[in-house]
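Below is one structure, written out as structure tokens; comments come after it.
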Amino acid sequence: MKSVKGFTLIELMIAIAVLALVTVIGFPAFSGIFERSRADSDLSDLLRAFSLARLEAINHSEDVNVSALTDDDWTQDLEIVRDGTVIRRYAGLPSGATITATGDVDTIVFDSLGGLKTPANSVVFNYTRGDSTKSMVVCPTGRILTGASCI
1 MKSVKGFTLI
11 ELMIAIAVLA
21 LVTVIGFPAF
31 SGIFERSRAD
41 SDLSDLLRAF
51 SLARLEAINH
61 SEDVNVSALT
71 DDDWTQDLEI
81 VRDGTVIRRY
91 AGLPSGATIT
101 ATGDVDTIVF
111 DSLGGLKTPA
121 NSVVFNYTRG
131 DSTKSMVVCP
141 TGRILTGASC
151 I
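Just so you know, the sequence shown maps onto residues 1 to 151 in full-length UniProt numbering.
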């Protein structure tokens, strides 16, 4: 009698069914991972823009503006301006994200010491993409924090 190696058709069908079941169960977890990763990336871009503006203000000892170019919509293009000169322009975020700022702020001004000049109080940015929500706050001292509040 010869020994036959391999799978029978029934064993192969069961293996495919188990693989399909595991894929269907695991897919929502993976889509959540991608969504959270995109949210972290988007918020990091906004944080970098504010950090650059603050450093420019400190390094050049003059006011630096960060402006949302489309009516307090921080998901659209942003512009960093010092002494009337555009330092950097950031492209807007991909569609699907929303960012709202407390007080409907469309411009943030850092003074020569890196603190907030306008507005005078802290500004909280709330980011939403799908089920992911994150927050970032610009404190009156100019400090920029994610997921925390000014102390």
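Using N, Cα and C, we set each Cβ at its ideal position, and we do this for glycine too.
Values in this document were obtained by computation on a predicted structure and should not be read as measured data.
Please decide whether residue i counts as near chain D, where near means a Cβ-Cβ distance under 8 Å.
{"i": "A15", "result": "Checking the listed chains, one finds no chain D in this structure; it contains a single protein chain."}
Can you tell me where the alpha helix (DSSP H) holding residue i begins and where it ends?
{"i": "T98", "result": "No alpha helix (DSSP H) contains T98, which is instead part of the beta strand (DSSP E) from A97 to A101."}
{"i": "G59", "result": "Checking the sequence, you will find Asn at residue 59 rather than Gly. Residues L9 to H60."}
Which same chain residues, not among the five before or five after residue i, have their C-beta less than 6 Å away from its C-beta?
{"i": "T128", "result": "T98"}
{"i": "T100", "result": "N126"}
{"i": "N65", "result": "V81, T107 and V109"}
Tell me whether residue i sits in a helix, a strand or coil according to DSSP, three-state version.
{"i": "A120", "result": "coil"}
{"i": "V109", "result": "strand"}
{"i": "T128", "result": "strand"}
Could you pull the start and end residues of the beta strand (DSSP E) that residue i belongs to?
{"i": "T133", "result": "S132 to V138"}
{"i": "A68", "result": "V64 to A68"}
{"i": "T85", "result": "T85 to Y90"}
{"i": "I80", "result": "L78 to R82"}
Who are residue i's beta bridge partners in DSSP?
{"i": "I144", "result": "V138"}
Output needed for residue i: all residues of its chain with C-beta closer than 7 Å, excluding positions within five of it in sequence on either side, in chain order.
{"i": "N121", "result": "P140"}
{"i": "G147", "result": "K134 and S135"}
{"i": "D71", "result": "D106"}
{"i": "S38", "result": "It is worth fixing the name first, because residue 38 is Arg in this sequence and not Ser. So the qualifying residues of the chain are R129."}
With a CB to CB cut of under 8 Å and the five nearest residues on each side skipped, what residues in its chain are close to residue i?
{"i": "D131", "result": "G32 and E35"}
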